[in-house]
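Q: Here it is: the structure, laid out below.
2 protein chains.
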Amino acid sequence: MLPAAQFAMAAADLHHRTPEFRALYQRVLGQLRTFVGTQNDVVLLTSSGTGAMEASVANLTSPGDRVLVLTAGKFGERWTALAKAFGCQPDVVSAPYGETFSMEAVRAALREDTRAVYMQATETSTGVRHDVRAVAELLRSTGSGAVLVVDAITGLGTTHLDMDAWGVDVLIGGSQKAVMIPPGLAYLAASERAWQRMETTKNPRYYFDLRKERKAASKGESAYTPGVALIAALGAALDYIAAQEGGDLARGRASLVENAETCAAMTRAAVPALGMRLFAPSAPAAAVTAVLPPQGVDSGVIVKELKSRFGAIVTNGQGEMKGQLFRIAHLGFFDPLDTLALLGAIEQVTADSLPASKFALGDALTAAQRVFAERSHAASSTARVEAAMAGR
Amino acid sequence: MLPAAQFAMAAADLHHRTPEFRALYQRVLGQLRTFVGTQNDVVLLTSSGTGAMEASVANLTSPGDRVLVLTAGKFGERWTALAKAFGCQPDVVSAPYGETFSMEAVRAALREDTRAVYMQATETSTGVRHDVRAVAELLRSTGSGAVLVVDAITGLGTTHLDMDAWGVDVLIGGSQKAVMIPPGLAYLAASERAWQRMETTKNPRYYFDLRKERKAASKGESAYTPGVALIAALGAALDYIAAQEGGDLARGRASLVENAETCAAMTRAAVPALGMRLFAPSAPAAAVTAVLPPQGVDSGVIVKELKSRFGAIVTNGQGEMKGQLFRIAHLGFFDPLDTLALLGAIEQVTADSLPASKFALGDALTAAQRVFAERSHAASSTARVEAAMAGR
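Going down the list, the protein sequences come from chains L and D.
The working numbering numbers the first residue of the first sequence as 1 and each following residue consecutively.
The working numbering numbers the first residue of the second sequence as 1001 and each following residue consecutively.
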């Protein structure tokens, strides 16, 4: 957790129906708009990210609605389960774990009566990046009436996203990823088209009623008791991100994205030198890199060893992928030097399980160092942030 | 906020899919069972209390179900709104604000096909205590098949409640009231009858799917990303409450209830001496006392003056009661001496608005002091805690 956020959270001993809280809340909602990179209204929910995913189904659909889910992992499957829970008929375009879906398949599955398209910006369970821009363009070019809903819980702050220019209708973020505070808050930006859709949909919603939150937010309040301490932490985290770029939060976000891209590229270069393979080589996300351990090695052993010997946290595969892969996050201010340190730890842990002919200490670090140097020399820091802001 | 909880929250920098978090989570769920005072399974939700209220409707009803709502204020009305949002047909027994409903009216409104009864233990908007035990007895004695759901968000830790002995099916608590940590968590205990009901109900639920949470909890996990920092704070707060009674959390809860009863009785005795009136004299809750200011005085002015002159927080009326009354909370370790201090502040603020013939500085404090002394002498501290545990 970001220390500035820790202190803000512990100090946030204020009642939510006070001018002090209203001032905080309005400030944070404004910051979120900048952080998401949109002119659309943003609402904040006291729940984890799945609550905002549910809100995007409950508010935008009616029972019986045809929706399209694009999925290639655990979080994509969550959209299907949510759509079914709310009585929708989901058409599903799926790709194997570790890959992304083809635009041809999306085009073929899109129907005239598709009311909404649900996808992830990055699939956290496999470390894959999906092409949000291409899906948005497809919807626009076909004149589809479907709203496009993007779970960017790990995507925001790790991936260039331009909600307004691309025409994304709903973009969802969480508190515990690139913004580096504990889980318990979700936020969501919605386009005018999405807000209008909510006027006619029939699915039940109460705690996650987005129109009610939007109305309350316009008065600087939340509809229900908000997660006050986490909201204070979120404000402090966004201040911190802005401060890294002279107080400019949009640049701060671009700088986070550029940082994640660098760490992810370093990690990808290091993986073969570890005698391991990338799980998602064709469409890797910068948010997280999924790694296949050497044949016959349980990924859980690597996760445990890193934890017990070095206090280093990587996560095991989810569900049936448990034991098959481990995942290295590149979120927030986990930077290139932290990446080197973690790769060093992985080298140490791996050394015991591979024959010397297949593995030499330092090779993974060397590969990562070269990528770091190349990216550093390729452009000045300023130019790199500008490039990240433009999505290059 | 409780300082022990502040520190625990700031220090809780742990990932939720780790043995450390599982140990914390299981420990807190066990503590909550004791704090609620039940053998039933308890689940924890990352949301504010309204999320648990929604869960109690979404999980226990099907569209078209007849339910009975007992209401006498803003939070009672929330049950009606929730029931309607989820397609139920609510029968409503209501009492005027400031009063509780009669058991005759409840008996008359209870139908053979009533599937659930929704009520508050204490109505925070008016400071009224409802008779949960009598409603539970009515349901039992009439052989009703309805499940009884009680919002005890401000009731827990301020009011004697015996879920299992009385036969309450669902009891709901929050994090920001008597347990003294910031909002953002809700918890809910459910009887076997309630768990069974959830197997057949048809309303949509996903984020608030209680069966999924129960199953995950049995493995020491939450179904979705949990509010880690707040959970650590909750554990520390419950530790603190237990520590006040030698590590016995059940006694700690009884001691909280006894403390709230004393503070509330002191406040009620003081109100006439302030030239003011109690809003709910017939069924006052110990959680909060609602006070009618002198004729012609806007309660908002009193709220503001207390804040600006003394940094003392009382809350205004909600909705149409704004300006009509103010509310003094008796939650957590806000104790008799704090109550004296607050009453002293109210005397100072009131002195300017009332003629000397109607008001004398010190009178309210004197009245409160007498109640405090009487209650202190009436029984030893130990005997009072025992009495509170037995609900006397």
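Glycine included, each C-beta is placed from N, C-alpha and C at the ideal position.
Figure out for me which residue from D:1174, D:1306, D:1319 has the closest Cα to the Cα of residue 1125 (chain D).
A: Mapped onto the second sequence, residue 1125 (chain D) falls at position 125. Ranking D:1174, D:1306, D:1319 by Cα distance to residue 1125 (chain D) puts D:1319 first.
Q: Identify every run of the alpha helix (DSSP H) within the stretch 1062 to 1127 of chain D, keeping only runs that are complete inside it and at least 4 residues long; order them along the chain.
A: 1074 to 1085, 1103 to 1109
Q: Tell me the start and end of each unbroken beta strand (DSSP E) in the stretch 1123 to 1156 of chain D that is at least 3 residues and wholly inside, in chain order.
A: 1147 to 1151
Q: Tell me where the beta strand (DSSP E) around residue 1181 (chain D) begins and ends.
A: Here the question's residue 1181 (chain D) lines up with position 181 in the second sequence. Unbroken run through residue 1181 (chain D): none, as it is neither H nor E.
Q: With which residues is residue 1173 (chain D) paired in a DSSP beta bridge?
A: As a position in the second sequence, residue 1173 (chain D) is number 173, starting the count at 1. Paired residue(s): D:1187.
Q: Just mark residue 140 (chain L) as buried or exposed, buried being the case when its beta carbon has 16 or more other beta carbons within 10 Å.
A: Position 140 of the first sequence, counted from the first residue, corresponds to residue 140 (chain L). Label assigned to residue 140 (chain L): exposed.
Q: State the CB to CB distance for the pair residue 73 (chain L) and residue 287 (chain L), rounded to an integer number of angstroms; the pair is presumed to be in contact (CB under 8 Å).
A: As a first step, residue 73 (chain L) must be located in the first sequence, where it is residue number 73. As a first step, residue 287 (chain L) must be located in the first sequence, where it is residue number 287. About 12 Å separates the two Cβ atoms, so there is no contact after all.
Q: Give the residues from the stretch 1027 to 1048 of chain D that approach chain L closer than 9 Å (Cβ to any Cβ), ordered along the chain.
A: Per Cβ criterion, the list reads 1045, 1046, 1047, 1048.
Q: For residue 1051 (chain D), would you say it is in contact with chain L, using Cβ-to-Cβ distances shorter than 8 Å as the test?
A: Here residue 1051 (chain D) is taken as the residue at index 51 of the second sequence, counted from 1. So, interface residue.
Q: Could you give the C-beta distance for residue 278 (chain L) and residue 268 (chain L), rounded to a whole number, given that I count them as a contact under 8 Å?
A: Residue 278 (chain L) sits at position 278 when you count from the first residue of the first sequence. Residue 268 (chain L) sits at position 268 when you count from the first residue of the first sequence. Between residue 268 (chain L) and residue 278 (chain L) the Cβ distance is about 6 Å, and since that is below 8 Å, they are a contact.
Q: Can you say whether residue 1204 (chain D) is buried or exposed, counting buried as having 16 or more other CB atoms within 10 angstroms of its CB?
A: Position 204 of the second sequence, counting from 1, holds the residue named residue 1204 (chain D). That one is buried.
Q: Per DSSP, residue 43 (chain L) forms a beta bridge with which residues?
A: Counting from one through the first sequence, the residue named residue 43 (chain L) turns up at place 43. Paired residues: L:188.
Q: Report yes if the C-beta distance between residue 266 (chain L) and residue 158 (chain L) is below 8 Å; otherwise report no.
A: Locating residue 266 (chain L) in the first sequence gives position 266, where the first residue counts as 1. Locating residue 158 (chain L) in the first sequence gives position 158, where the first residue counts as 1. No, these two residues do not count as a Cβ contact at 8 Å.
Q: Quick one: Cα of residue 250 (chain L) to Cα of residue 163 (chain L), how far?
A: Along the first sequence, read from residue 1 onward, the residue named residue 250 (chain L) stands at position 250. Along the first sequence, read from residue 1 onward, the residue named residue 163 (chain L) stands at position 163. Looking at the two C-alpha atoms, the distance is approximately 13 Å.
Q: Cβ atoms of residue 1325 (chain D) and residue 1290 (chain D): under 8 Å apart, would you say?
A: Taking the first residue of the second sequence as position 1, residue 1290 (chain D) is located at position 290. Taking the first residue of the second sequence as position 1, residue 1325 (chain D) is located at position 325. Against a cut-off of 8 Å, the Cβ pair of residue 1325 (chain D) and residue 1290 (chain D) comes out as a contact.
Q: Comparing alpha-carbon positions, which option in D:1231, D:1112, D:1028, D:1192 lies nearest residue 1007 (chain D)?
A: On the second sequence, residue 1007 (chain D) is found 7 positions in, with the first residue counted as 1. Nearest C-alpha to residue 1007 (chain D): D:1231.
Q: Mind checking if residue 80 (chain L) is an interface residue toward chain D, Cβ cutoff 8 Å exclusive?
A: Residue mapping note: residue 80 (chain L) aligns to position 80 of the first sequence, counting from 1. Taking a beta-carbon distance threshold of 8 Å, residue 80 (chain L) does not count as an interface residue toward chain D.
Q: Show which residues of chain L have a CB atom less than 7 Å away from the CB atom of residue 1013 (chain D).
A: Against the second sequence, residue 1013 (chain D) aligns to sequence position 13. Within chain L, the residues placing a beta-carbon under 7 Å from that of residue 1013 (chain D) are 1, ordered along the chain.
Q: Does the beta carbon of residue 1054 (chain D) come closer than 8 Å to any beta carbon on chain L?
A: For the purposes of this step, residue 1054 (chain D) is identified with residue 54 of the second sequence, where counting begins at 1. So yes, residue 1054 (chain D) belongs to the interface.
Q: For chain D, check one thing: does any of its Cβ atoms lie closer than 8 Å to the Cβ of residue 180 (chain L)?
A: Reading the first sequence from its first residue, position 180 is the one you call residue 180 (chain L). Answer no: the Cβ-Cβ gap between residue 180 (chain L) and chain D never drops below 8 Å.
Q: Going by DSSP, what residues sit across from residue 1327 (chain D) in a beta bridge?
A: Residue numbering aside, residue 1327 (chain D) sits at position 327 when the second sequence is read from its first letter. Here residue 1327 (chain D) is bridged, per DSSP, to D:1290, D:1315.
Q: Provide the residue span of the alpha helix (DSSP H) that contains residue 1305 (chain D), from first to last.
A: Your numbering for residue 1305 (chain D) matches position 305 in the second sequence. Element bounds for residue 1305 (chain D): 1299 to 1310.
Q: What in chain D is Cβ-close to residue 259 (chain L), meaning under 7 Å?
A: By one-based count along the first sequence, residue 259 (chain L) stands at place 259. Near residue 259 (chain L) there are no residues of chain D at all, since even the closest Cβ is about 20 Å away, more than 7 Å.
Q: Please report whether the beta-carbon of residue 1006 (chain D) lies at a distance below 8 Å from any beta-carbon of chain L.
A: As a working mapping, residue 1006 (chain D) is identified with position 6 in the second sequence. Among the residues facing chain L, residue 1006 (chain D) is included, as its CB has a counterpart in that chain under 8 Å away.
Q: Who does residue 1343 (chain D) pair with in a DSSP beta bridge?
A: Taking the first residue of the second sequence as 1, we reach residue 1343 (chain D) at position 343. DSSP output for residue 1343 (chain D) lists no bridge partner at all.
Q: Strictly below 9 Å CB to CB, what residues from chain D border residue 240 (chain L)?
A: On the first sequence, residue 240 (chain L) is found 240 positions in, with the first residue counted as 1. In chain order: nothing, as chain D lies at least about 15 Å away.
Q: Interface residues of chain L around residue 1086 (chain D) at Cβ under 9 Å?
A: By 1-based counting over the second sequence, the position of residue 1086 (chain D) is 86. Neighbours of residue 1086 (chain D) in chain L, taken as residues whose beta carbon is under 9 Å from its own, are 204, 206 in chain order.
Q: Can you tell me whether DSSP reads residue 1365 (chain D) as helix, strand or coil?
A: Taking the first residue of the second sequence as position 1, residue 1365 (chain D) is located at position 365. The answer is helix: DSSP assigns residue 1365 (chain D) an H, G or I state.
Q: Confirm, please, whether the CB-CB distance from residue 1002 (chain D) to residue 1198 (chain D) is below 8 Å.
A: Here residue 1198 (chain D) refers to the residue found at position 198 when the second sequence is read from its first residue. Here residue 1002 (chain D) refers to the residue found at position 2 when the second sequence is read from its first residue. Contact: no.
Q: Rounded to whole angstroms, what's the CA-CA distance from residue 1332 (chain D) to residue 329 (chain L)? Just pull it up for me.
A: Position 332 of the second sequence holds residue 1332 (chain D). Position 329 of the first sequence holds residue 329 (chain L). Rounded to the nearest angstrom, the two C-alpha atoms are 40 Å apart.
Q: From L:96, L:161, L:193, pick the residue whose C-alpha is nearest to that of residue 59 (chain L); which is it?
A: Position 59 of the first sequence, counting from 1, holds the residue named residue 59 (chain L). Residue 59 (chain L) has its Cα closest to that of L:193, out of L:96, L:161, L:193.
Q: Cα separation between residue 1412 (chain D) and residue 77 (chain L)?
A: Any answer about residue 1412 (chain D) is impossible in this case: the structure gives chain D only from 1001 up to 1392.
Q: For residue 253 (chain L), does the three-state DSSP call read helix, strand or coil?
A: Sequence index remark: in the first sequence, residue 253 (chain L) carries index 253 (1-based). DSSP places residue 253 (chain L) in helix when its eight states are reduced to three.
Q: Run down chain D in chain order and give the residues with a C-beta less than 7 Å from the C-beta of residue 224 (chain L).
A: Here residue 224 (chain L) refers to the residue found at position 224 of the first sequence. Simply 1048, 1050.
Q: Alpha helix (DSSP H) containing residue 1009 (chain D): first to last residue?
A: In the second sequence, the residue the question calls residue 1009 (chain D) occupies position 9. Residue 1009 (chain D) -> alpha helix (DSSP H) spans 1003 to 1011.
Q: Residue 1032 (chain D) and residue 1044 (chain D) look like a contact to me (Cβ under 8 Å); what is the Cβ gap, rounded to whole Å?
A: By one-based count along the second sequence, residue 1032 (chain D) stands at place 32. By one-based count along the second sequence, residue 1044 (chain D) stands at place 44. That belief holds up - the Cβ atoms of residue 1032 (chain D) and residue 1044 (chain D) are roughly 7 Å apart, short of 8 Å.
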